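Per this note's numbering, residue 65 is the first one in the sequence shown, and the count goes up by one each step. For glycine and all other residues, C-beta sits at the position ideal for the given N, C-alpha and C. Being a predicted model, the structure only gives us computed values, none of them experimental.
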Amino acid sequence: MSFTTWICDPKIELKNLALMTKAQSYAFGRRLYSFELHQQPYWLKFHHSNTHEGFEQALLRELDFYQHRQDLEGFLLPHQIIQLNPFKQQLNCTGDEIGLVTVAAKEFFTPLSGTCDIELIKQKIVEALDALNGLHQAGWIHGDLKVEHFRVHANACKLIDFEQTFRIGQSIQTLDATPHYMAPELFHGVGKSIQSDLYAFGIIVYEWLTQTRLQAQSYHDWAILHCQQLHIQLPERLQCFLPMLIGLLSKHVQQRLSSVEAVKSALNTMNSL
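So this is what it looks like as structure tokens:
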């Protein structure tokens, strides 16, 4: 049974249905489930109507992105937008909601072993950059990149969670972002850009290479860390990636790498000796 066929079957039952929503998001009406069908795992995301306008609008942006961006299949998981009426008993919803179903996929940036070959690490970074470049070249900014938004499916890197995605050149100042990955200029009210996406990518790669997590207790603490206190250090054997990270994590936009191609160029010219 194909991906698009099973959703049209009114007798279908979602097996091993499990709620995955974080507590705060749940309180605001968001629902994220995992389930299985024909031994294939899926994710289902929807929002209870008339609960939290901001969360509802964010999901509507993502649904709109998926509905009208069929040319972006190269970095998207297999997906389908469905009416939830056939599943309202299982999902405890009104049935009027619309849901996004995607194939479930594992995280792309899996833990890095201490003996991993430098060329394999470089290849992994390039694969992630290619997925991000596909989005940028199509004219979109992700706006909320996190490590968990890079997934692997069919041996290729994919992107997920487009609730904060918007067109390059579109003037949007108020969309949310995750302080853990926010570029310094965002804390000063500057709008998101390709370079703020690249800064978030730099944080992702830095934490992956060092197998550490940056820590801060509040939004104010994150602002101080990103704007003043971030000092990157790499293990000796990974020093060859330092120039690329410096280019990605520059505090000043004018000094930061400006495109995925510029990041890949920095990777290609690095000295791995």
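DSSP bridge partner residues for E271 (one or two, in chain order): Note: E271 sits in no beta bridge, so no partner.
Assigned secondary structure, L193 (DSSP; H/G/I helix, E/B strand, else coil): helix
Where K79 falls, given that 16 or more other Cβ within 10 Å makes a residue buried: Exposed, since its Cβ has fewer than 16 Cβ neighbours within 10 Å.
Helix, strand or coil at G163 [DSSP, three-state]: Correct three-state label for G163: strand.
Anticipated Cβ contact below 8 angstroms, F251 with A287, distance rounded: 4 angstroms
Closest by C-alpha distance to L155, when choosing among K188, A169 and L108: L108
The alpha helix (DSSP H) enclosing V327, as first and last residue numbers: V324 to N332
Alpha-carbon to alpha-carbon, H143 and L321: 32 angstroms
D208 and A247 closer than 8 angstroms at C-beta: no
Host beta strand (DSSP E) of I146 (start-end): Per DSSP, the continuous beta strand (DSSP E) segment holding I146 begins and ends at H143 to Q147.
Ordered list of alpha helix (DSSP H) runs contained in the region 239–299, each at least 4 residues: 258–274 and 283–288
Closest Cα partner of H290 within the set E271, S314 and L262: If we check each option's Cα against that of H290, S314 comes out closest.
Buried/exposed call for Q201, threshold 16 Cβ in 10 Å: exposed
C-beta contact flag for R94 and F129 at 8 angstroms: Going by C-beta atoms, R94 is not nearer than 8 angstroms to F129.
First and last residue of the uninterrupted alpha helix (DSSP H) at R125: From DSSP, the alpha helix (DSSP H) with R125 extends over E117 to H132.
Stretch-stretch touch, CB-based, cutoff 8 angstroms, three pairs: the region 213–233 with the region 169–178: Short answer: they touch.
DSSP state of K62 mapped onto helix, strand, coil: Limits of the chain in this structure are 65 at one end and 337 at the other, which puts residue 62 out of reach.
CB-CB length for L140 against K222, believed under 8 angstroms: 6 angstroms
Beta-carbon proximity list for L96, same chain, < 7 angstroms, skipping 5 on both sides: M84, T85, W107 and K109
Beta-carbon proximity list for L337, same chain, < 6 angstroms, skipping 5 on both sides: Note on L337: pLDDT 44, under 50, position unreliable in the model; no value is reported.
Proximity to I189 [Cα-Cα], best of H112, Q319, I267 and A280: I267
Secondary structure of E183, DSSP reduced to three states: In the structure shown, the three-state DSSP call for E183 is helix.
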